[in-house]
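Colleague: Below you'll find the structure I mean.
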Amino acid sequence: VQLQASGGGLVQAGGSLRLSCAASGSIFGINGAGWYRQAPGNQREWVALITVAGGANYADSVKGRFTISRDNAKNTVYLQMNSLKPEDTAVYYCNTPPGWSHYVWGKGTQVTVSS
34 VQLQASGGGL
44 VQAGGSLRLS
54 CAASGSIFGI
64 NGAGWYRQAP
74 GNQREWVALI
84 TVAGGANYAD
94 SVKGRFTISR
104 DNAKNTVYLQ
114 MNSLKPEDTA
124 VYYCNTPPGW
134 SHYVWGKGTQ
144 VTVSS
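Take the sequence shown: its letters are residues 34 to 148, numbered as in the numbering used here.
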């Protein structure tokens, strides 16, 4: 399975971005999905997940600002990011949710939030 994230870019604080992540196989409808991010010098951290049933959960740092969604027909998971902050700057990745065996990580998509 290959994972291709896209939609990142440079945005001012307070702005919005919508990330997409397409999988080459039908994994999100079977396993659910998770978004993760890694800032320079930091370990990769979990950001959001969506279960097979469609329930969502978020890291405290993004709760109320980010929304995860999924389109099983397109094998794609999305992350709507609003009210972005400079500390959201990172490379964002998708994969299976925490606790599941992960597929090989894709290249991710860079999100840079300027103050």
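Where a beta carbon is used, it is the ideal one built from N, C-alpha and C, also for glycine.
In this text, all values refer to a predicted model and were calculated from it rather than measured experimentally.
Got a sec, what are the start and stop residues for the alpha helix (DSSP H) Asn105 sits in?
Modeller: Here Asn105 belongs to no alpha helix (DSSP H), and DSSP marks it neither H nor E.
Colleague: Could you say which of Lys107, Asn108 and Tyr91 lies nearest to Gln101 if we only look at CA atoms?
Modeller: Per the sequence shown, the amino acid found at residue 101 is Ile instead of Gln. Of Lys107, Asn108 and Tyr91, the residue nearest in Cα terms is Tyr91.
Colleague: Go through its chain and collect everything with a Cβ distance to Ile83's Cβ below 6 Å, but skip five positions before and after it.
Modeller: Gly65, Ala66, Ala89, Ile101 and Arg103
Colleague: What number of angstroms, rounded off, separates the C-alpha of Lys107 from the C-alpha of Val144?
Modeller: 23 Å
Colleague: Just verifying my parser: in three-state terms, what is the DSSP assignment at Gly67?
Modeller: strand
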